[in-house]
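Taken in order, these protein sequences are the chains called G, W and X. Following our numbering, the numbering of the first sequence begins with 7 at its first residue and continues without gaps. Following our numbering, the numbering of the second sequence begins with 30 at its first residue and continues without gaps. Following our numbering, the numbering of the third sequence begins with -3 at its first residue and continues without gaps. All C-beta atoms in this analysis are idealised placements derived from N, C-alpha and C, irrespective of residue type, glycine included. Report on the following structure.
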Amino acid sequence: MGVDQVAIAALNPLIPTTDSVPLVRKSPFQKLWADKVARTALVVLTMLYLCAGFADPLTPYSMYYNDPDLANAPPTSVYVQDEQGNWTWPYVFAVKRSFDPNTFGQSYTEDHSKRYPVKLFIPGEEYKIFGLIPFNLHLFGVNSPARIFLLGADVNGRDNFSRLFFGAQKSLTIGFLGLFISYPIGILYGAISGFAGGITDNIMMRIAEAIMSIPSFYLLIALAAILPAGMPGGQRFALITVILSFIGWAGLARIIRGMVLAIKEEEFVYAARAVGMTEINTIIKHVVPQTMTFIIIAATLQVPSFILSESGLSFIGLGIQQPDASWGNMLKAALDNVNDLLEQPWLIAPGLAIFVTILCFNSLGDVLRDVLDPRMQGIS
Amino acid sequence: MKRAIATLAVLTVMVGCRPRPQTEQNGATDHTKPTTQQPVEGNALPSTVLAPDPGPFQGAEIKNADGTITEGLLSRGEVGKPGGTIKLSTFGGGPKTFNPWTASDVESSGFGYLMFEKLVDIDAWSGKYYGRLAKSFTVSPDNLAYTFTIRKGVKWSDGKPLTVDDVMYTFNEIIGKGYGNSSLRDVLLVRGKFPKIEKLDADTVRFTTAEPFAPLLNGLVVPIAPKHIFEPQIKKGRKDFHGFWDQNTNPSNMVVSGPFKLKRYVAAQRVELERNPNYFMVDKDGKRLPYLDRFVVQIVPEQNTQLLKFLGKELDMLDIRSVRGSDVAQLATKQQALNFSMHNLGPDDGSVFLILNMARRTNPKTKKPYVQTFKQEWFNNQKFRAAVSHAIDRQRIIDNVLKGVGTPLYTAESPAGLFANPDLKPYPQDLEYSATLLKEAGFVKKDDGKLYDSKGHLVEFSLSTNAGNTTRDGICVTITDELKKLGMKVNYQPVDFNMLIDKLETSLDWEGVVMGLSGSRIEPYNGANVWKSNGRLHMFDQRLPNDQGEVLAPDARIWEKQIDELFDKGATTLEFDKRHAIFNEFQQIVFDQQPFIYIESPLDVTAVRNTIANYKPTKFGIFYTPMGSLHNVEEIYLKQPAGQPGAE
Amino acid sequence: MSIPVYMLKRVLQAIPLLFIISIMSFVMLKMAPIDPLAHLRANPAISMSAIKEEEERLGLNKPPVTQYGIWLANLVTGNLGVSVQGADVFILLMQRAGNTMLLSSLSILMTWLIAIPAGIYAAVYRGKIIDKVFGIISAIGMSMPTFLLALLLLMFALATGWFPIGGLTSQDYYDLDAFGQFLDIAHHLVIPVMVLTFVGLAGIQRQMRGNLLEVLRAEYVRTARAKGLPENVVLYRHALRNAINPLLTLFGFEFAALLSGAALTETVLAYPGLGRLTLEAVLTKDMNLVMASLMLGAVMLILGNLIADILLKVADPRISLD
């Protein structure tokens, strides 16, 4: 939906344009930075992407690490004072789980006999930086058998905090990957269709409309169900991204085609033709800049919808599968027992993460639209 | 900007840290406990508290309004107050049909139990068969003929008499000719032949089988249909039968014999049942049952929503399988506040297990073996399977995944069932024993910590289960971990349910799978499809039909053949003790050979509001929901003044 | 070209489109390795012959082209077929369509009622607090997964006891009089409508705001102001009419969404709607049901676009159709 809204806003031919030129031109980025909301959004997003990119060193545990004796543990309490009230270096206690067979209640008690200080740059599980260089230092952690589960553990004893970071890797990239796949296809398809005109245009547009007419959610599910089962997590992730992009391109194609059609008739095209430029060159030279703005804006608004779609798919069980972490499937696991949310509010962390990310993208997109719209250039 | 970052940093630090460790003397609540209270006595779960056995049903003579006498049943519970509505729920999409003879899914069959009476039924306390519509029944000395005497004067809800003709029609025409769900017929086939059914006189009917067949009675636990309604319908042909009495049927068309009949089906929302005034049961004061006026079942697609509805007082009860392990502890703390009690009915009859693909054949289409040859050798090695079984820490799985609400399983028969073998001893996790077994089998754990077979192959195989199921997922992750300690590399990938079934039953393209199956507490022969070598669900070595459509098992192992013989013997022996011994032997073979590595059975826990009276759950009185644990649904009453419908 | 002729032309154009859609849907369905009988197969109580009979009955053994042909032939005669369970598809759809229509129309109404004034305010008072507040509220709505919002509201309902927990009618519904029934349904609709409205607010509100902002800068607006017209006349008589334009196109999409329903929200809230029905059908590969639902969705979309285009023409005579 976002795509069409923005396009209409950007290109409604009925609304006449202004053409006042300000005295001082600020670059788009400066304008963006000036707006407080956009600034916050940019900073948060950058931090999120950094966290995702450096998930391995920043988190105490890997995505698969689990301590089965501490499944469903609550967040580890980190103490900064000792029993006498003096300030000390932060430390934790080891936690034991016990079980009351009468009420089936599980309780987690701290063993106060030994303190485990929080260590910085602690050696831990091995990982590869950028998939190449093996390394094993983690920003913080504690010695075994104590654990530092800042957001508690899931049903398999895996650290929610660490998996949140790893989940960010999937959820944050799925948006952009989807974009990089669907947009080129959409643009190319639309441009060819608009340029060719006539029957080709007609047929191509009918097919695009057909795809658009299938309610996207069911298209998504049907496609996800087609995925051959039992493929490794990485492959599945890639294919889901492809599927998500399959949803978006048709709408974009239609709009681009509309733009191309309009531009074809513009005076400067005739002028260019008179000068001797071929039509393709003309169109590329003129279509691309005009659509650039639109694409950037639409992109920021499309990424959230991809993230939401992924979480929707995971909710049904068709998205990224365990044991890989994604915010969608972590949220699903949390919502499997929605009752516990009141007592264990940390379980909602993936939902919060999704929320914050999308909020940032939307805010950014809003401001970007204000900033990049050529007709708004006169207003600062 | 800087301020913002600073604030954020401080907040993060504050959230994670706590000023000082609180001890019990400080009186502070220990935030490391997820449940914030100490367990209160009133909030404890009564574990397997069963009401005492009231003895078998007695008959009762009921005087009808028109002067006739019905030979009915006398209720065994306390006398209650008539009136009121009970609000239950069913989880899923709701019943697909109200025709119990077409129904192939659990929900629809469940409604059938509420609306139609059966010839014989299973006693909730003893687990034995007793005559329901039949006043009595005898088995001939040669074990071939079962003679049933039907109670006189029983009426359908439209006033017409229920007679032997209805019984004959149901079995001969509807079931025998395979209208609707033909599994009802197949379960009664003895040596491929349907029993001969003869009407001996106006009240007596006799079933004769080709050879002694102990599971026959179990197959007769099936609703009886009204001949006067079904005969005209059957004449219309097979195709129309499927839609007869489907979801959208007009309730006034339905004629029932059970305690309740369909009043209204509100699509995708709820099913409303109302009292059948012609029901053939009375209480000790002679009042006709059921007590309840209305029986309302809401259709809820999400388990969470069901739980929330119960907490919000929109439901009176959460029956078996509606209370998940993870919900139990939470619910238990609310018992006093919300005025309900929880009941632990013991292990469920279903099981969850790990199977390894033991097929040794070649796929005729691809010309390649179903399982790689060297892996075949591992999976077919009994010591390998035993090692895997001993490496699994079942209790920890139950603690983690089911939050303790389950019981470890080692045997093919549910510990809750009549035929469980008491001699089979459970064994805890023993990694050393597993390592020893593997060494004996020729496997070597090398210095890199990985396990290799005698030919030098790394022991690596794939493990699947159905996607989207947190329980199974948790089990697989734990198994992967434990087997890693033995040096095995297990690649775990959840797979869509349909795909999994296809792999298990058609393509045989799997190596390890964690699956679950439902079982029976009463009749072990119901597992024939699974245990017979040519069974449809003989999953660990699934044989496929050949070109003629037959399923043959020429490569059956010795112990598979032994199991086949034991099942045949168990089917043709009628005496309970002898059958028990036969099936004990079968369980021993499974225990030794471990083709199914059993893991756990969840516990059946129900939550019932204290306003519901006469609720007496038992181990054997568990049927498909919405009847569920309400085996005595006709005796259930509300502790409220009569005439008041349930609120909201 | 006159409107009736235009409509006819569009309807004729729609037919090949629907045909393509049906083929695409069918192909996708068939490619998904979902077996409608998987649950039967996994049940030890069901015999092999019962499964074979079901396969026969559902025509699962026939080649896909034949299955499609059968479906198409049935469709032409007005027979939408039966679902895997045996219920008539047409009846199933009708039962649920009404419910979804109710929910969707109410949600769209509420969304527009709130979003348009909000957008206007935000545009007129651009940069002020109220603009930011509306911006944030609508941003929150857009940023949450619907099922999460639905679950949270459900818990809110539980905590306060003010609203029923999902569903559409309470069990006493048929015992109530007409007014009571009306209130009962209204009571049940509060949470579902809140979820869908909240989620849809943002789009319309921003759209309105953005359009109005652009229009307010236009030359003819400056002219109107220069002429001395009072501000609200400028706003409501001149600017708004132009700003509303793109929203009409949006309305087309919203109309289409009327019947596709919000599947996840309906599932979580146990709302008996079309979305939930279609979702269950897709997941169990209930072919007839899925095809019928998808075709219905497509028809609604095409209708919606048509209505939007006609509304555009009515609102602004300068637009030439075609």
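Can you tell which of the options has its C-alpha closest to the C-alpha of residue i?
i	options	result
W/Ala415	W/Gly556, W/Phe620, W/Ala254	W/Phe620
X/Met138	X/Arg202, X/Gly162, X/Asn75, X/Ala93	X/Arg202
W/Glu442	W/Asn563, W/Ala358, W/Lys363, W/Ser547	W/Ser547
W/Pro252	W/Arg214, W/Thr640, W/Leu229	W/Arg214
W/Trp154	W/Gly485, W/Tyr627, W/Arg550	W/Arg550
W/Asp152	W/Lys475, W/Arg161, W/Met144	W/Arg161
G/Asn72	G/Ala228, G/Arg164, G/Leu348, G/Gly257	G/Arg164
X/Arg205	X/Ala111, X/Lys26, X/Val217, X/Leu8	X/Ala111
X/Val295	X/Ala266, X/Arg6, X/Arg37	X/Arg6
Residue i lies in the beta strand (DSSP E); which residues open and close that run?
i	result
X/Ile112	No beta strand (DSSP E) holds X/Ile112; the alpha helix (DSSP H) holding it covers 85 to 120.
W/Thr167	163 to 168
G/Gln87	84 to 87
W/Asp452	It is not in any beta strand (DSSP E) - W/Asp452 carries neither H nor E in the DSSP assignment.
W/Leu385	380 to 385
W/Gln327	323 to 329
W/Lys116	114 to 120
W/Thr97	Counting along the chain, W/Thr97 falls outside any beta strand (DSSP E), and DSSP gives it neither H nor E.
W/Thr654	It is not in any beta strand (DSSP E) - W/Thr654 carries neither H nor E in the DSSP assignment.
Can you tell me which residues form a DSSP beta bridge with residue i?
i	result
W/Pro398	W/Thr391
G/Gly111	G/Asp106
W/His372	W/Thr635
W/Lys228	W/Val234
G/Asn72	G/Arg164
W/Gln522	W/Ser493
G/Pro129	G/Leu143
W/Asp150	W/Tyr159
W/Lys290	W/Glu303
W/Ile626	W/Leu383
W/Asp356	W/Asp356 is not bridged to any residue.
On the DSSP letters alone, give me the boundaries of the alpha helix (DSSP H) that residue i sits inside.
i	result
X/Met44	44 to 54
W/Tyr142	135 to 144
W/Gly599	587 to 601
W/Phe259	256 to 264
Is residue i helix, strand or coil when you go by DSSP?
i	result
G/Ile139	strand
G/His399	Absent from the model: residue 399 of chain G. The displayed extent of chain G is 7 to 386, so no value can be given.
W/Thr61	Only weak support is given to the placement of W/Thr61: the predicted model assigns it a pLDDT of 32, under 50, and the value that follows is read from those uncertain coordinates. Correct three-state label for W/Thr61: coil.
G/Ile303	helix
W/Gln87	strand
W/Asp606	helix
X/Thr142	helix
W/Arg572	coil
G/Pro123	strand
X/His184	helix
W/Pro190	strand
### Message
Short of 8 Å Cβ to Cβ, which residues in the stretch 303 to 333 of chain G face chain X?
### Response
Listed in sequence order: Pro310, Leu314, Ser317, Gly318, Phe321, Ile322.
### Task
Please list the residues of the stretch 427 to 453 of chain W that have a C-beta atom closer than 7 Å to any C-beta atom in chain G, keeping them in chain order.
Correct list: Asp428, Asn429, Val430, Lys432, Gly433, Val434.
#### Entry: Contact list for the stretch 299 to 329 of chain W against chain B, Cβ threshold 9 Å
No chain B is part of this structure, whose protein chains are labelled G, W and X.
### Query
Listed in chain order, which residues of the stretch 362 to 393 of chain W have Cβ atoms closer than 7 Å to some Cβ of chain G?
Hits within the stretch: zero.
### Task
Select from the stretch 516 to 528 of chain W all residues with a C-beta closer than 9 Å to any C-beta belonging to chain X, and list them in chain order.
Cβ contacts with chain X come from Asp525, Phe526, Asn527, Met528.
### Query
Which of the residues in the stretch 164 to 181 of chain X, read from start to end, lie with their CB under 9 Å from any CB of chain W?
Of all residues in the stretch 164 to 181 of chain X, only Leu164, Thr165, Ser166, Gln167, Asp168, Tyr169, Tyr170, Asp171 place a beta-carbon less than 9 Å from a beta-carbon of chain W.
### Query
Listed from N- to C-terminal order along the chain, which residues in the stretch 111 to 144 of chain G have their beta-carbon within a distance smaller than 7 Å of any beta-carbon of chain X?
The stretch 111 to 144 of chain G vs chain X, Cβ under 7 Å: nothing.
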